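Protein chains: 2
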Amino acid sequence: MNIRDLKYLVSVADYGHFGKAADACFVSQPALSMQIKKLEDTLGVQLIERTGKKIFLTEIGKLITQQARDILFRVEEMREIANTAKDPFCGELHLGIIPTLAPYLLPYIIPSLSKAFPKLTIYLAEETTSNLLTKVSQGKLDGALLALPIVNEDFAALPLFEEEFVLAIPLNHSLAKRKIAKLSDLENKTLLLLEDGHCLRDQALAVCHRVNAAEAQNFRATSLETLRHMVASKAGITLMPKLACKSNDGICYLPFNAPKPVRTIGLIWRPSTPKKIVLENMVSQIRKVMFKQKMVRVLNTPIMCRNK
Amino acid sequence: MNIRDLKYLVSVADYGHFGKAADACFVSQPALSMQIKKLEDTLGVQLIERTGKKIFLTEIGKLITQQARDILFRVEEMREIANTAKDPFCGELHLGIIPTLAPYLLPYIIPSLSKAFPKLTIYLAEETTSNLLTKVSQGKLDGALLALPIVNEDFAALPLFEEEFVLAIPLNHSLAKRKIAKLSDLENKTLLLLEDGHCLRDQALAVCHRVNAAEAQNFRATSLETLRHMVASKAGITLMPKLACKSNDGICYLPFNAPKPVRTIGLIWRPSTPKKIVLENMVSQIRKVMFKQKMVRVLNTPIMCRNK
DNA sequence: TAAAAATACTCCATAGGTATTTTAT
DNA sequence: ATAAAATACCTATGGAGTATTTTTA
Chain A
112 MNIRDLKYLV SVADYGHFGK AADACFVSQP ALSMQIKKLE DTLGVQLIER TGKKIFLTEI
172 GKLITQQARD ILFRVEEMRE IANTAKDPFC GELHLGIIPT LAPYLLPYII PSLSKAFPKL
232 TIYLAEETTS NLLTKVSQGK LDGALLALPI VNEDFAALPL FEEEFVLAIP LNHSLAKRKI
292 AKLSDLENKT LLLLEDGHCL RDQALAVCHR VNAAEAQNFR ATSLETLRHM VASKAGITLM
352 PKLACKSNDG ICYLPFNAPK PVRTIGLIWR PSTPKKIVLE NMVSQIRKVM FKQKMVRVLN
412 TPIMCRNK
Chain B
112 MNIRDLKYLV SVADYGHFGK AADACFVSQP ALSMQIKKLE DTLGVQLIER TGKKIFLTEI
172 GKLITQQARD ILFRVEEMRE IANTAKDPFC GELHLGIIPT LAPYLLPYII PSLSKAFPKL
232 TIYLAEETTS NLLTKVSQGK LDGALLALPI VNEDFAALPL FEEEFVLAIP LNHSLAKRKI
292 AKLSDLENKT LLLLEDGHCL RDQALAVCHR VNAAEAQNFR ATSLETLRHM VASKAGITLM
352 PKLACKSNDG ICYLPFNAPK PVRTIGLIWR PSTPKKIVLE NMVSQIRKVM FKQKMVRVLN
412 TPIMCRNK
């Protein structure tokens, strides 16, 4: 068996036509036909049904083709690993980020990252934490920006900063005259929260449990922006991460006095990824930018090469 | 690049020696050396550090070797897929099963399955639901026996039977004289439960919430057997799945009157697995056996070929 | 009859073998 | 001095091309 044979098979599957498939592979039709037949012989199963004019994949042919695609993808990945090793700060970097962070953090860091890594093309994907973890471990993403800690041991992680939660209340709310909030202000209050799947929801619920606050029934926001509009329209109060605060949006954002409720934002990756060096450099860069912004407390856990 | 080259690389990585690696691949040392060098040329990176006597993998060499192992594994998988297609009822079948079911169900079904599928070697792995789902989707398991429903859409599933929960109480307990229990008997009682991760724990908790029963504090059993011994030693009461009941073990098992609390046991698999036919046949077989046992209510959802 | 895949035959690239050299311990 | 990898050179397998035949819609 041969990687080239798998390419031929996938090409036939894609074109449904030996001649066109051969063209796409830059070989003659008999050459491709011959190799497909050999592949069928070595596997001992018929992959393609030839009925003169039209051809179909057999059931097993579909399965084998799927596996072939998978193998070819991993071979490409191997080339990509080699290229990354030659120049890690070059090529593609696929980053995931949680939805409650993306629109507020990215405007600060992306311009600086593009400048710091000019030969790197950064692709961004907004997903919930559990999806991010899956995609990072499957190698569909190189790294992800999310709330730490991650219990799973299969990831390397570096903290970036601590982001406080502030109390978001309508302007006409009784607390809106205050300059600062206490956690105990939440006691016996009900809060508007995000829908399931968002880590921010769990973090807010944890705060609620500490002070005996409850979740508003019959409402689950699908995004932080929805939540913001609900508060602005006086439908209730909620906890907002600091970076998501705006000014003049009809909401009063009250900081808590110490101990402030916070979430820790960090960057995670597969310990074995060849992009480790890039990601570690990115951590330094993001910390630098966010330190200047003074919106969050930047963390300075040393960046070192860990092995697993 | 070539699958053979990847084998050579992995062999060198395993033996740390070109000569021995070549022997293991049944080729001469120069042949193998040549191909390794070619692989390094095509990837454009040095994979192996040759310092005369001793050789080492470079950092990037380790990454590429890992990727090569992965690719070779998938190529083997492809052969396995082909072999399975030639005779699905032959070869290996890797089945997962939840720990609260395995020791009680397997004695009933394994003898019958071995008889029904004599050319099939069945490997069993006991794991919690979330681990089973991961391993099935990764292809490390062909299928899994667990409690339905599974919310994830990426699996095909067939229900096998409904297993009732019965009330397990010490023989001297006030309820032990009764022949039958009501759910309301649990009101304001505390129950011993399993530790986190077992789906049985969640199912029992769901029953608790319905009747306002609580979980015993400061105790979480690691297995159903521990739980049984705790009840037998009069430490508390619990819910037991019917199949886990024994006789003469110092425990009174009280069935509930309708509507009985139950869990649905089913078999799941990847929709694309080539072992689908085997698994569907296995469902029929298990239903047949369990129907004879009369311990559970066998379900008869039709077995059909679904496509995704 | 026309389009598409299979077959026949030739050629050459390259993997692999043997013999030998180089290199580092 | 010796073990181990690299180099040199030859052989042969098999992949690819062109020309042609077969098949069926």
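Quick note, the sequences are listed as chains A and B, same order. Taking this note's numbering, the leading residue of the first sequence gets 112, the next gets one more, and so forth. Taking this note's numbering, the leading residue of the second sequence gets 112, the next gets one more, and so forth. Glycine included, each C-beta is placed from N, C-alpha and C at the ideal position. Owing to the predicted nature of the structure, the values given are computational and were not obtained by experimental measurement.
Contiguous alpha helix (DSSP H) elements confined to the segment 119-200 of chain A occur at 129-135, 140-154, 170-197, taking only those with 4 or more residues. From the beta-carbon of Ala346 (chain B), no residue of chain A is found nearer than 7 Å; the closest lies around 29 Å away. In terms of Cβ geometry, Gln314 (chain A) and Pro372 (chain A) form a close pair [threshold 9 Å].
For Gly155 (chain A), the nearest beta carbon of chain B is closer than 9 Å to its own beta carbon.
Pairing Ile209 (chain A) with Cys136 (chain A) gives a Cβ-Cβ distance that is not under 9 Å. Sequence-distant partners of Arg115 (chain A) (beyond 5 residues in either direction) whose C-beta falls short of 6 Å from its own C-beta are missing from its chain. The alpha-carbon of Ala325 (chain A) is positioned some 5 Å away from that of Thr301 (chain A). Sixteen is the threshold: when 16 or more other Cβ atoms of the shown chains lie within 10 Å of the Cβ of Gln146 (chain A), as they do, the residue is buried. For Phe200 (chain B), the CB contacts under 7 Å within the same chain, skipping 5 residues up- and downstream, are Phe228, Lys230, Leu231, Val389 in chain order.
For Met406 (chain A), no alpha helix (DSSP H) segment is defined, and its DSSP state is neither H nor E. Ile348 (chain B) is positioned such that its CB atom lies closer than 9 Å to that of Leu303 (chain B). For Ile414 (chain A), the closest Cβ of chain B is not nearer than 9 Å. Pro281 (chain A) has A:Ile362 as its beta-bridge partners, per DSSP. Phe272 (chain B) sits in a strand when the DSSP states are folded into three classes. Bounds of the alpha helix (DSSP H) holding Ala315 (chain A) are 310-322. Counting along the chain, Val373 (chain A) sits inside the beta strand (DSSP E) bounded by residues 373-380. The C-beta distance from Leu354 (chain A) to Met406 (chain A) rounds to 6 Å, short enough to fall under 8 Å. With 16 or more neighbouring CB atoms inside 10 Å of its own CB, Val277 (chain A) falls in the buried class.
Annotation for Ala132 (chain A): Tyr119, Ser122, Val123, Asp125, Tyr126, Leu143 place their beta carbon closer than 8 Å to its own, counting only its chain and skipping 5 residues before and after. Counting C-beta pairs with one atom in each stretch, the segment 188-198 of chain A and the segment 166-185 of chain B have three or more that are closer than 8 Å, which means they touch.
Using a Cβ-Cβ cut-off of 8 Å, Asn299 (chain B) is close to nothing in chain A; its nearest Cβ partner there is about 22 Å away. As the crow flies, the alpha-carbon of Glu274 (chain B) is around 21 Å from that of Asp307 (chain B). Taking the beta carbon of Arg185 (chain A) as reference, the chain B residues within 8 Å of it are Gln178, Asp181, Ile182, Arg185, listed in sequence order.
A:Lys149 is the residue among A:Gln140, A:His128, A:Lys149 whose C-alpha sits nearest the C-alpha of Leu117 (chain A). Boundaries of the alpha helix (DSSP H) harbouring Glu336 (chain B): 335-343, taken from the DSSP string.
C-alpha of Arg312 (chain A) to C-alpha of Ile220 (chain B): approximately 44 Å in a straight line. DSSP links Met351 (chain A) through a beta bridge to A:Val277. Here Asn359 (chain B) is actually not in contact with Lys293 (chain B); their C-beta atoms are around 25 Å apart, not less than 8 Å. Put simply, the CB of Glu203 (chain B) is far from chain A, with every gap to its CB atoms at 9 Å or more.
Inter-residue distance for Thr169 (chain A) and Thr384 (chain B) is about 15 Å (C-alpha atoms, whole angstroms). Relative to Arg398 (chain A), the option among A:Ile376, A:Lys387, A:Lys386, A:Trp380 whose CA is nearest is A:Ile376. Interface annotation, Ser383 (chain A): in contact with chain B, CB-CB separation under 9 Å.
Collapsing the DSSP output to three states places Phe402 (chain B) in a helix.
At a cut-off of 9 Å between beta-carbon atoms, Ala317 (chain A) makes no contact with chain B.
Rounded to the nearest whole angstrom, the C-alpha separation of Gly361 (chain A) and Leu338 (chain A) is 13 Å. Interface with chain A (9 Å Cβ-Cβ cutoff): Ala193 (chain B) is included.
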